[in-house]
Amino acid sequence: MQRALARGFNYRTFSRPSSSRPATSVPTGTTTAATMSGGAIKRVQAISIPTPMPTQSPFLFNVYHKDEFPPCPDGSMKPPRKGNGADFAPGPWRMYHGREYSGFPQHPHRGFETITAVMRGTIDHTDSCGNAGRYGDGDLQHMTAGRGVVHGELFPLVHKDRNNTLQLFQIWLNLPSKDKMVQPAFVMHWSEDVRKTSTSDGGVDITVWTGEYEGVKSLAPTPRSYAADPSNDVGVYLLKFKPGAEFTLRAASGGVETNRSLYYVEGASLDVCGEKLSRKCVVDVDASQDIPLRNSGSDEVICLVLQGKPINEPVAQHGPFVMNTQKEIMQAFEDYRATEFGGWPWPEDAMVFPREEGRFALIDGVKSTPSSK
0 MQRALARGFN
10 YRTFSRPSSS
20 RPATSVPTGT
30 TTAATMSGGA
40 IKRVQAISIP
50 TPMPTQSPFL
60 FNVYHKDEFP
70 PCPDGSMKPP
80 RKGNGADFAP
90 GPWRMYHGRE
100 YSGFPQHPHR
110 GFETITAVMR
120 GTIDHTDSCG
130 NAGRYGDGDL
140 QHMTAGRGVV
150 HGELFPLVHK
160 DRNNTLQLFQ
170 IWLNLPSKDK
180 MVQPAFVMHW
190 SEDVRKTSTS
200 DGGVDITVWT
210 GEYEGVKSLA
220 PTPRSYAADP
230 SNDVGVYLLK
240 FKPGAEFTLR
250 AASGGVETNR
260 SLYYVEGASL
270 DVCGEKLSRK
280 CVVDVDASQD
290 IPLRNSGSDE
300 VICLVLQGKP
310 INEPVAQHGP
320 FVMNTQKEIM
330 QAFEDYRATE
340 FGGWPWPEDA
350 MVFPREEGRF
360 ALIDGVKSTP
370 SSK
């Protein structure tokens, strides 16, 4: 019997947010999202961090983590309390599925890909293909699960004398049926290489994690990623606004065929198309229109943009498996029970590397670091 199920792995934690959640009109004085700004704003939904946020196809899942872990003066990289295996409670920091270390010990995926963008903090990655890495502080990881992979994501507290703040997005991007059973793939983009630009006045910083924005093209994702085909118009952009800064998000190249959502996760106030948002929320907008944005508060605003053309295929999901039919979901469970998707080659389910280890990526047996590019 495979170890993850034997340990009672909580698949519910990874369930897709319900797309049937009613829209919440966040701006004061606005009756329905459909009437906002001439239709440029389609829907506004309140969010609660770190609860997974609503998504539109081709995306399946989007979660924003911000944990203020304390220093770890003894060098153990462990938080000051143990986890219970399912710690998602509100508070300054969480253990998630970890017990000794915060994070997500080994667990399986099939049928989609993950995009993990770390703004601050450190992640140790290991997987059933023998790949591994330590990354963070601006690094980006793409992982196509394809036919099946088991991986672990742990958050070691590497700093002894200062807070170990963790701030990241993890995004699940679906795969069309023709690519759901491709070979797993893994690519690391170091922060030094991630594409960035700014407005002419320096008020807004734009990081192009995936796709292309106004001539700034991201580094390549995994080869069979849905984002690898430019015609799918996939974009993952991070916007950081200084107080008072303004920015117009230009219409997507796919126009009305593209789904686009803005995730307002940090800051006191953000104006979208002239509507003031004072609660954290996700805003679905018309991708064929320019969207004016303004930080109307006194602190930094952070907004994530997810966009892409919908895949327009049935979605069958059970926890970490995303296929097109329930029969395929059942087959995924059978395959995992029989093969463990290649088995777990690491000595621990919750694998962390020595504290002194710097950032690295081990892919197909070849180790690289930012300095060895």
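Counting from 0, one number per residue, gives the positions in the sequence shown under numbering that gives the first Met the number 0.
We put the beta carbon where it would ideally sit given N, CA and C, even for glycine.
Anticipated Cβ contact below 8 Å, residue i with residue j, distance rounded
| i | j | result |
| --- | --- | --- |
| Asp283 | Ser252 | With 8 Å as the limit, Asp283 and Ser252 do not qualify as a contact, their Cβ atoms being about 18 Å apart. |
| Trp208 | Phe111 | Not really, about 17 Å apart at Cβ, beyond 8 Å. |
| Asp289 | Thr257 | The pair is not a contact, with the Cβ atoms about 14 Å apart (cut-off 8 Å). |
| Lys41 | Leu156 | Lys41 to Leu156, Cβ: 41 Å. No contact. |
| Leu167 | Thr121 | 10 Å between Cβ atoms; not a contact. |
| Val321 | Asn173 | 6 Å |
Check whether residue i and residue j have beta carbons under 9 Å apart
| i | j | result |
| --- | --- | --- |
| Pro220 | Ser297 | no |
| Gly74 | Lys159 | yes |
| Ser101 | Gly82 | yes |
| Ala360 | Gly137 | no |
| Leu139 | Phe154 | no |
| Arg293 | Leu269 | yes |
| Phe340 | Arg80 | no |
| Glu299 | Lys239 | yes |
| Pro104 | Gly147 | no |
| Ala250 | Ser287 | yes |
| Ala315 | Glu327 | yes |
Three-state class that DSSP yields for residue i in the structure shown
| i | result |
| --- | --- |
| Ala184 | strand |
| Thr393 | Outside the displayed range of the chain (0 to 372) lies residue 393, so it cannot be described from this structure. |
| Met329 | helix |
| Lys177 | helix |
| Val157 | coil |
| Val377 | It is not possible to answer for residue 377, since the shown part of the chain is limited to 0 through 372. |
| Ser370 | helix |
| Glu245 | strand |
| Val255 | helix |
| Gly38 | helix |
| Trp171 | strand |
| Val374 | Since the first residue of the chain shown is 0 and the last is 372, residue 374 is not available in this structure. |
| Lys275 | strand |
| Cys71 | coil |
| Ile362 | strand |
| Ser291 | Inspection of the sequence shows that residue 291 is occupied by Pro rather than by Ser. Reduced to three states, the DSSP call for Pro291 is strand. |
| Lys308 | coil |
| Val300 | strand |
| Asp270 | strand |
| Asn61 | strand |
| Thr164 | strand |
| Val351 | coil |
| Gln423 | Residue 423 lies beyond the range of the chain shown here (0 to 372); nothing can be said about it. |
Nearest-angstrom Cα separation, counted from residue j out to residue i
| i | j | result |
| --- | --- | --- |
| Gln306 | His106 | 27 Å |
| Val181 | Val193 | 26 Å |
| Cys302 | Val235 | 11 Å |
| Ala227 | Val271 | 30 Å |
| Val255 | His317 | 30 Å |
| Pro319 | Ala244 | 39 Å |
| His96 | Ser199 | 43 Å |
| Asp285 | Lys366 | 43 Å |
| Val203 | Pro57 | 27 Å |
| Val264 | Asn61 | 12 Å |
| Trp92 | Thr143 | 28 Å |
| His150 | Val186 | 14 Å |
| Tyr335 | Asp363 | 22 Å |
| Leu59 | Thr113 | 10 Å |
| Arg223 | Asp178 | 7 Å |
| Arg119 | Ala267 | 20 Å |
| Pro369 | Thr206 | 18 Å |
| Tyr225 | Pro72 | 43 Å |
| Arg358 | His124 | 11 Å |
| Trp189 | Tyr134 | 8 Å |
| Glu347 | Val281 | 37 Å |
| Pro309 | Pro229 | 13 Å |
| Ala3 | Gln44 | Low local confidence applies: a pLDDT of 39 at Ala3 is under 50, so the model's placement there is unreliable, with the coordinate-based value given in what follows. Roughly 34 Å separates the two Cα atoms. |
| Gly90 | Val351 | 24 Å |
| Ser47 | Asn323 | 29 Å |
| Pro69 | Glu274 | 37 Å |
| Trp345 | Asp126 | 8 Å |
| Ser176 | Gly84 | 33 Å |
| Ser197 | Glu333 | 49 Å |
| Glu99 | Met52 | 27 Å |
| Lys65 | Gln325 | 34 Å |
| Leu276 | Thr50 | 19 Å |
| Ala349 | Leu218 | 30 Å |
| Arg354 | Asn162 | 15 Å |
| Tyr63 | Met94 | 15 Å |
Within-9 Å CB hit, residue i to chain C
| i | result |
| --- | --- |
| Ser75 | No chain C appears in the structure shown, which is made up of a single protein chain. |
Beta strand (DSSP E) runs wholly inside the region 188-239, at least 3 long, in chain order: 194-197 and 203-209
Every unbroken beta strand (DSSP E) inside the region 110-154 [3 residues or more]: 111-119, 121-126, 131-135, 139-143 and 148-153
Any beta strand (DSSP E) of 3 or more consecutive residues that is wholly inside the region 74-115: 102-108
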